[in-house]
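Under numbering that gives the first Met the number 0, the first residue of the sequence shown carries the number 0, and numbering increases by one thereafter.
Positions of the beta carbon are idealized from the N, C-alpha and C atoms, including for glycine.
Just so it is clear, the structure is predicted and the values come from calculations on it, not from any experiment.
Notes to accompany the following structure.
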Amino acid sequence: MDNSMIYRRLGDSGIEVSALSFGTMRWANEEQCHQIINRGLDRGMNYIDTSTGYLDGKSQQWVADAIRDRRDEALLSSKSFWAKANPADTVRRRIDETLDKLQLDYFDLYQLWGLDTVETVETALEKGGFIEGIRKAQDDGVIKLGVGFTFHGSPEAFRAAINSGEFLCATISYNLGSRKEESQIRYAAENGVGVIIMNPLGGGPLAKHDDKKLAFLRHRGAGPSYGALRFLLADEQISTSLIGCATVEELEEDLRAVERSEELTEDFRRSLIERMEDDGISGEGLCTGCAYCHDCPNDFDPSAFMEMMRDFSIYAGEEAHLIEWLRARYAEEDKRLEDELEKCIECGQCEEQCPQHLPIVEAIRGVKDTLGR
Ligand code: SF4
Ligand code: SF4
Numbered sequence: 000m001d002n003s004m005i006y007r008r009l010g011d012s013g014i015e016v017s018a019l020s021f022g023t024m025r026w027a028n029e030e031q032c033h034q035i036i037n038r039g040l041d042r043g044m045n046y047i048d049t050s051t052g053y054l055d056g057k058s059q060q061w062v063a064d065a066i067r068d069r070r071d072e073a074l075l076s077s078k079s080f081w082a083k084a085n086p087a088d089t090v091r092r093r094i095d096e097t098l099d100k101l102q103l104d105y106f107d108l109y110q111l112w113g114l115d116t117v118e119t120v121e122t123a124l125e126k127g128g129f130i131e132g133i134r135k136a137q138d139d140g141v142i143k144l145g146v147g148f149t150f151h152g153s154p155e156a157f158r159a160a161i162n163s164g165e166f167l168c169a170t171i172s173y174n175l176g177s178r179k180e181e182s183q184i185r186y187a188a189e190n191g192v193g194v195i196i197m198n199p200l201g202g203g204p205l206a207k208h209d210d211k212k213l214a215f216l217r218h219r220g221a222g223p224s225y226g227a228l229r230f231l232l233a234d235e236q237i238s239t240s241l242i243g244c245a246t247v248e249e250l251e252e253d254l255r256a257v258e259r260s261e262e263l264t265e266d267f268r269r270s271l272i273e274r275m276e277d278d279g280i281s282g283e284g285l286c287t288g289c290a291y292c293h294d295c296p297n298d299f300d301p302s303a304f305m306e307m308m309r310d311f312s313i314y315a316g317e318e319a320h321l322i323e324w325l326r327a328r329y330a331e332e333d334k335r336l337e338d339e340l341e342k343c344i345e346c347g348q349c350e351e352q353c354p355q356h357l358p359i360v361e362a363i364r365g366v367k368d369t370l371g372r
């Protein structure tokens, strides 16, 4: 069986990337990171998305050490939150500091994170701003290929960034269970900007082995990640998807998705969407379990709550009852649903931190209403 890597153009840049590439947030440990990187490079994976912040900075160092002797086989990307790295001199200095720490000579790409509004796009682009710093870094040879952005904001901000003509790729959260960024993918691709997918498995739920509902995505012992990744591989407008594996075994399983590439057609892709919709999974935003919202001033854990709500919408059978589902899961942690919900005063702080812009307060209120609280 042919299980060769699939390659795609990164927009109009002329850069070829493997259709499955490395996410770097979820390594189990340094040894697994090194093994995964080497195994993935052997299998033809060539793009690595890193950040100074993942795993408290350890992830990027582990990756740098893992690729040190194979540097020319990998397209390495780093990123900065634009507001902390603006203006030009700051981001330029940051790039040098990061490279010094990692003992590397250059990054291939650099991503700008946090372009949520049209105003932030304009500020990053203005004279003396972030983009000018990246161009200086390119002139100095420490960024080889160019700049992209990772996106969690409004469609208007996305279009403003694409229309600027400054970015050669956009990293977007998208997967079979959560397709609300579909129009952003089409817009980027039609304008020659490469599309990189983050959260290809919805932050985990599309990789769960113990569910029954997503059985149609499985293949010979593989979990539903098999079908979920093939859904993305079948989309010609997606350049690459970042798979964030914790272990080599997970990587091997995910890489099975590239087999039988001739079956990865638009009809196949659409058939999976129809099947999900038949099962009542709409494709609206789903919690990715990122936990960015977990810092609640009143000691409620909105991240755990939203993950339970997400799992209910994906996995619960038709006969399941939401309140019983939630009660059972809180009881597993020796907590009581009603007591936990009581802590939330609906201040909205968690929503401001949610990169998926999920209506957390509305979800909490809905359950409280059902309980008569
Ligand atoms: S709305 Fe406020 S109180 Fe409620 S979970 Fe979010 S941060 Fe906590
Ligand atoms: S920030 Fe949003 S996506 Fe992340 S855990 Fe919280 S609700 Fe889920």
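Nearest to His151 by alpha-carbon distance, out of Glu249, Ile142, Thr119 and Arg134, is Thr119. When Cβ pairs closer than 8 Å are counted between the two stretches, the region 237-252 is seen to touch the region 21-32, the count reaching three or more. Judged by DSSP in its simplified three-state form, Phe148 adopts strand.
Distance from the CA atom of Ile237 to the CA atom of Gly202, rounded to whole angstroms, is 18 Å. Ile66 is positioned such that its CB atom lies closer than 8 Å to that of Ile36. The region 120-132 and the region 100-107 do not touch, with fewer than 3 CB-CB distances between them shorter than 8 Å. Inter-segment contact for the region 258-269 and the region 291-305 is absent: fewer than three beta-carbon pairs are separated by less than 8 Å.
At a threshold of 7 Å, Gln60 does not count as near ligand 1, since its beta carbon sits no closer than that to any of the ligand's heavy atoms. Closest in C-alpha terms to Met275, from the list Ser177, Leu254 and Glu345, comes Ser177.
Checking the DSSP bridge columns, you'll see Ser240 partnered with Leu19 and Ile196. Counting along the chain, no alpha helix (DSSP H) covers Phe166, and no H or E run does either.
Pairing Arg42 with Val16, the inter-Cα distance amounts to about 13 Å. Between Leu263 and Ala227, the C-beta gap is not smaller than 8 Å, which leaves the two residues out of contact.
Rounded to the nearest whole angstrom, the CA to CA distance from His320 to Gln352 is 29 Å. Separation of Arg134 and Gly145 (C-alpha to C-alpha, rounded to the nearest whole angstrom) is 8 Å.
Secondary structure of Phe80 (DSSP, three-state): strand. The beta carbons of Gly347 and Val366 sit no closer together than 8 Å. CA-to-CA, the gap between Gly140 and Pro154 works out to about 33 Å. With respect to the 8 Å criterion, Met305 and Leu325 are not classified as neighbours on the basis of their beta carbons.
If you draw a 10 Å sphere on the C-beta of Leu370, you find fewer than 16 other C-beta atoms in it, and that means exposed. Cβ contact annotation for Phe299 (same chain, cutoff 7 Å, sequence separation greater than five): Glu339, Lys342 and Cys343, in chain order. According to the DSSP assignment, Phe230 belongs to the alpha helix (DSSP H) that extends over Ser224 to Leu232. Here the alpha carbons of Lys78 and Ala136 stand approximately 13 Å from one another.
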